[in-house]
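Engineer: I have a structure here, written as structure tokens, and I will follow up with some questions on it.
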Amino acid sequence: MSLTDLMGAARYGDLKGVKRNLNQVGKKDEDGWTALMYAAMWGRANCIPFLEKEIGMQDNCGRTALMRAAFKGHAHCARLLFSEAGKQTTGKWYGFPSGATALIIAAHKNCPKIVQLLLPYEQGLKDSKGHTAQWHANNSTKIGDFTRVRQLLKNEGTERLPPPDPELLILQYRVSELTTENESLKKDLSSSKNTLEETKNELSQLNQENSSLKQQLQKANEEAKKNHELNEALNKRAQEAEKSLTEAKGENASLKNQLTEMESTTLKQDNKIFHLRTENASLQDQLSSSKKAQEEAEERLSQMNQEMSSLKAQLSKTNEDLEVSQVYSAVSGNKLSSQPTATGSLILAAAQGNVEGVRANLHEIGKQGENGWTALMYAARGGYTNCIPLLKREAGIQDNYGWTALMWPAYYGKTDCVRLLLSEAGKQTTKEYNDFPPGTTALMLAAYYNHSEIVRVLLPYEQGMEDSKGHTSKWYANNSSYGGDYSQVRTLLKDEGTERIPPPSNPAEMLRFQERIDELAAENDSLQKDFPFSKNAHNETKKELSQLNQENSSLKQQLQKANKENDILHKQLEDRERQDRAQINRLTAEVESLKKDLEKAINESKRHAKMCEELRKASDQKQVFIDQLVKEAASLRQTMVQQNTYLTTFLIEVLKTHGTQEPRNRGPMPAGSLPEPAVKREV
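UniProt numbering numbers the first residue of the sequence shown as 1 and each following residue consecutively.
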């Protein structure tokens, strides 16, 4: 079989993918690997609790998920897989002979944490070559400091504890996970409250600043009102003056005095207007500061909203995981036709679920009533989980028919009681009772009465067991006359195996973990109650901010005039920028022109250099030609000298003879000389 979707999700730690494909639990690939083995190999501890049904399965070489976690050194995964301790490989694997254990692998790979965890369960086990974990630690070919591992295995013994219950390990992991999540949630909630307090303080400061601004605005409005009244008075006086001028021109002197007073008043008004403008400028600065503080407060509130959303998401996830891990409530089943009668104070208290009565009569523990029933059987039959831990010393006792306390909650569908009595798993009845033959187990009863959750809990401990008629739990599920939808039970028992794990020895510890989960759930509920308070405070803060925004809107209107002046200044700056850009463009054009001239001069220089090089080469060639001509001229001069010498000698001899005698034979002429002329002597 190829890799399934569940295996892929387990390998990459995709928790949603694992939950979505749980119908593929138990399948193997071509090498016998399960999804649990992939999760252990790659250190995906968060997926292991959902793959609990695959615990104990081995691949084609006999390797388990625990061995893969030990091979990779994933101690956090190994803690959840201790129930596989004691298994040994059936074939060779990565240099390990058959018979290797998870402890041998951890010792060879130098993983001291895993060695320390596995030592009580696998010490003394040997591989097919007779080697223990101590031998592998002392003879490992791995490089590193093996001091710690060898010290742990120095006195390796042979007495081993039975592997723990897988469900107990899952509960331990769940408690640790919930504790961590709650601590993180507390820190986040505390941080959120601190942030809210800081925001409230900032809002208080903002309110004070706004109050100050309001006072300043009120003062400015009062002064503006006075100025307005003064302006009206001036207008009235001007009208009166105009009327006086119209009525009598003779009152010019008086009118001039009034005009002088009016000018004086106008000057005062201008001074007041100047002061008002100065105060308005200061007010604008303060409004700008108020706007900035408001924006910062809004930004911090936005951050607080994001943090609260994140906290809500974490709470949702915690509640979802908590729902998965919480034990299911007990379901009532059909009652037996004959119920034994309780006798004795302890048995009576247990039958009534009276915890204090049980504590007061613990000296009667171990006594059996009618049909051999114990107080623990009565408490289990009634579903009184709070009484069971007090009566744990009666665990394992069977009545006259061989029934145990575990069989009664399995019969009636009381899952919580079954979890606390798993130490009795594996026991079988000795006589026929209520149409159930001898050899009946608690798993068979749960399968017959369609209690799927109890079947899931008991399956690892009692699968493959047969009653006196050779019937298994699978047969009981397929042949029950009880009625109802048995699809879940039959699916769980479809591949009922024969390999069983030993039952846990301490039922009280299961209850302790369940109580711890309940405490964490209550703590989660308390944290959830704190969030509405935080949300209401946040809404009130938003409301206050909305009011401040309205007030600031009014202040913003007063700043529009200043904004217009800023627009004028901005336009002036744009004009200046436009002029600067034009100058830059002109300078850029000049630079480009200079660059072109420089490039032209560089090209001309290169051309001149090339011409000079060509002239130098031509000069060199002409010099060689001249040297050749000089040599040839020297050679010619030498030849001419030789010829002239010869002719001179010849002529002298001719002149000396002056006779008719033939000239004496002088031998051949030198090479390159002229032919000898035929000279005749004149008479």
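By construction, the Cβ of each residue, glycine as well, lies at the ideal position given by its N, Cα and C atoms.
Take residue 633 and list the residues in its own chain whose beta-carbon comes closer than 6 angstroms to its own, dropping the five residues that flank it on each side.
Structural biologist: Within the sequence shown, residue 633 is the residue found at index 633, counting from 1. Here the set comprises nothing.
Engineer: Mind the definition here: the region 82 to 94 touches the region 170 to 188 only if three or more C-beta pairs lie below 8 angstroms; say whether that holds.
Structural biologist: No, because fewer than three Cβ pairs between the region 82 to 94 and the region 170 to 188 fall closer than 8 angstroms, the two stretches do not touch.
Engineer: Locate the alpha helix (DSSP H) running through residue 7, then write down its first and last residues.
Structural biologist: Your numbering for residue 7 matches position 7 in the sequence shown. Start and end: 5 to 11.
Engineer: Can you give, in chain order, each stretch of the alpha helix (DSSP H) that sits fully within the region 63 to 131 and has at least 4 residues?
Structural biologist: Listed in chain order, they are 65 to 72, 75 to 78, 102 to 108 and 112 to 122.
Engineer: Do you know offhand how far residue 502's Cα is from residue 461's?
Structural biologist: Taking the sequence shown and counting its residues from 1, one reaches residue 502 at position 502. Taking the sequence shown and counting its residues from 1, one reaches residue 461 at position 461. Taking the straight line joining both Cα atoms gives about 6 angstroms.
Engineer: Does residue 685 pass the burial test, meaning 16 or more other C-beta atoms within 10 Å, or should it be called exposed?
Structural biologist: Since the displayed the chain opens at 1 and closes at 683, residue 685 lies outside it and no answer follows.
Engineer: Taking DSSP as the reference, what is the three-state secondary structure of residue 433?
Structural biologist: The residue you call residue 433 lines up with position 433 of the sequence shown. If DSSP states are grouped into helix, strand and coil, residue 433 belongs with the strands.
Engineer: So, is residue 334 buried or exposed, given that buried needs 16 or more other C-beta atoms within 10 angstroms?
Structural biologist: Taking the sequence shown and counting its residues from 1, the one referred to as residue 334 is at position 334. Bear in mind that the predicted position of residue 334 carries a pLDDT of just 31, short of 50, making it too unreliable to give a figure here.
Engineer: Could you check the C-alpha separation between residue 97 and residue 425 for me, to the nearest Å?
Structural biologist: One-based indexing of the sequence shown puts residue 97 at position 97. One-based indexing of the sequence shown puts residue 425 at position 425. Taking the straight line from one Cα to the other gives about 34 angstroms.
Engineer: When DSSP builds the beta bridges, which residues end up paired with residue 374?
Structural biologist: Taking the sequence shown and counting its residues from 1, one reaches residue 374 at position 374. In the DSSP output, where bridge partners are listed per residue, residue 374 has 368.
Engineer: Hey, how far is the Cα of residue 406 from the Cα of residue 161?
Structural biologist: Taking the first residue of the sequence shown as position 1, residue 406 is located at position 406. Taking the first residue of the sequence shown as position 1, residue 161 is located at position 161. Distance between the alpha carbons of residue 406 and residue 161 is about 23 angstroms.
Engineer: Is residue 25 helix, strand or coil by DSSP?
Structural biologist: Position 25 of the sequence shown holds residue 25. DSSP places residue 25 in coil when its eight states are reduced to three.
Engineer: At which residues does the alpha helix (DSSP H) containing residue 136 begin and terminate?
Structural biologist: Walking along the sequence shown from the start, residue 136 turns up at place 136. Run containing residue 136: 133 to 138, per the alpha helix (DSSP H) assignment.
Engineer: Look at the alpha carbon of residue 73 and the alpha carbon of residue 400, and state the distance between them as a whole number of angstroms.
Structural biologist: As a first step, residue 73 is located in the sequence shown; it is residue number 73 there, counting from the start. As a first step, residue 400 is located in the sequence shown; it is residue number 400 there, counting from the start. In a straight line, the C-alpha of residue 73 is about 51 angstroms away from that of residue 400.
Engineer: Label residue 149 either buried or exposed according to how many other C-beta atoms from any shown protein chain fall within 10 Å of its C-beta, with 16 as the threshold for buried.
Structural biologist: In the sequence shown, counting from the first residue as 1, residue 149 sits at position 149. With 16 or more other Cβ atoms within 10 Å, it is buried.
Engineer: So, is residue 363 buried or exposed, given that buried needs 16 or more other C-beta atoms within 10 angstroms?
Structural biologist: In the sequence shown, the residue the question calls residue 363 occupies position 363. Exposed, by the Cβ-count rule.
Engineer: What are the start and end residues of the alpha helix (DSSP H) that includes residue 425?
Structural biologist: As a working mapping, residue 425 is identified with position 425 in the sequence shown. That residue, residue 425, is in no alpha helix (DSSP H); it is neither H nor E in DSSP.
Engineer: So is residue 361 buried or exposed if we call it buried at 16+ other beta carbons inside 10 Å?
Structural biologist: Counting from 1 along the sequence shown, the entry for residue 361 is found at position 361. Buried.
Engineer: Where does residue 412 sit, in a helix, a strand or coil, going by DSSP?
Structural biologist: Stepping through the sequence shown from its first residue, residue 412 is reached at position 412. Helix, per DSSP.
Engineer: Mind checking which residues open and close the alpha helix (DSSP H) that includes residue 487?
Structural biologist: Translated into positions along the sequence shown, residue 487 becomes position 487. Segment 487 to 492, the alpha helix (DSSP H) holding residue 487.
Engineer: Going by Cα to Cα distance, which pick from 417, 448 and 469 is closest to residue 477?
Structural biologist: Locating residue 477 in the sequence shown gives position 477, counting from the first residue. Looking at the Cα atoms, 448 is the closest of the given residues.
Engineer: Which residues mark the beginning and the end of the alpha helix (DSSP H) in which residue 394 is found?
Structural biologist: Mapped onto the sequence shown, residue 394 falls at position 394. Per DSSP, residue 394 belongs to no alpha helix (DSSP H) and is neither H nor E.
Engineer: Whole-angstrom Cβ separation of residue 29 and residue 57, contact assumed at under 8 angstroms?
Structural biologist: Taking the first residue of the sequence shown as 1, we reach residue 29 at position 29. Taking the first residue of the sequence shown as 1, we reach residue 57 at position 57. Incorrect: roughly 12 angstroms between the Cβ atoms, too far for contact.
Engineer: Using the Cα positions of residue 311 and residue 557, report the straight-line distance between them to the nearest angstrom.
Structural biologist: Along the sequence shown, read from residue 1 onward, the residue named residue 311 stands at position 311. Along the sequence shown, read from residue 1 onward, the residue named residue 557 stands at position 557. In this predicted model, residue 311 has a pLDDT of only 47, less than 50, meaning its place in the structure is not dependable; the value taken from the coordinates is given anyway. Whole-angstrom Cα-Cα distance: 40 angstroms.
Engineer: With contact counted as at least three CB pairs below 8 angstroms, one residue from each stretch, are the region 481 to 501 and the region 439 to 454 in contact?
Structural biologist: Cβ pair count under 8 angstroms is three or more, so yes.
Engineer: By Cβ distance, which residues of its chain are closer than 7 angstroms to residue 685, with the 5 residues on each side in sequence left out?
Structural biologist: Residue 685 lies beyond the stretch modelled for the chain, which goes from 1 to 683, so this question has no answer here.
Engineer: How many angstroms separate the CA atom of residue 691 from the CA atom of residue 194?
Structural biologist: In the structure as shown, the chain starts at 1 and stops at 683, and residue 691 therefore has no counterpart that could be examined.
Engineer: Leaving aside the five residues before and after residue 42 along the sequence, list all residues of the same chain whose C-beta is less than 6 angstroms from its C-beta, in chain order.
Structural biologist: Numbered from 1 along the sequence shown, position 42 holds the residue referred to as residue 42. Around residue 42: 11.
Engineer: Going by DSSP, what residue range makes up the alpha helix (DSSP H) through residue 154?
Structural biologist: Working through the sequence shown from its first residue, we reach residue 154 at position 154. It is not in any alpha helix (DSSP H) - residue 154 carries neither H nor E in the DSSP assignment.
Engineer: Quick check: the Cα distance between residue 137 and residue 45, rounded to an integer number of angstroms?
Structural biologist: Residue mapping note: residue 137 aligns to position 137 of the sequence shown, counting from 1. Residue mapping note: residue 45 aligns to position 45 of the sequence shown, counting from 1. Going from the Cα of residue 137 to the Cα of residue 45 covers about 26 angstroms.
Engineer: If distances are taken between C-alpha atoms only, which option among 77, 211, 603 and 145 comes closest to residue 114?
Structural biologist: Residue mapping note: residue 114 aligns to position 114 of the sequence shown, counting from 1. Of the listed residues, the one whose Cα sits closest to residue 114 is 77.
Engineer: Among residues of its own chain, excluding the 5 on either side of residue 496, which ones have a beta-carbon nearer than 8 angstroms to its beta-carbon?
Structural biologist: For the purposes of this step, residue 496 is taken as residue 496 along the sequence shown, with counting starting at 1. Taken in chain order, the residues that qualify are 459, 463, 464, 472, 473 and 474.
Engineer: Report all residues from its chain with a CB closer than 6 angstroms to the CB of residue 374; omit the five preceding and five following residues, and keep chain order.
Structural biologist: Stepping through the sequence shown from its first residue, residue 374 is reached at position 374. Closer than 6 angstroms at the Cβ level, and outside the excluded window around residue 374, lie 368, 394 and 397.
Engineer: Taking the alpha-carbon positions, what's the residue 442 to residue 431 distance?
Structural biologist: Taking the first residue of the sequence shown as 1, we reach residue 442 at position 442. Taking the first residue of the sequence shown as 1, we reach residue 431 at position 431. Cα-Cα distance, rounded: 14 angstroms.
Engineer: Nearest-angstrom Cα distance between residue 127 and residue 61?
Structural biologist: The residue you call residue 127 lines up with position 127 of the sequence shown. The residue you call residue 61 lines up with position 61 of the sequence shown. Each residue's Cα considered, the two are about 14 angstroms apart.
Engineer: Does any CB atom of chain B fall closer than 8 angstroms to the CB of residue 138?
Structural biologist: Reference to chain B is not applicable here, since this structure consists of a single protein chain.
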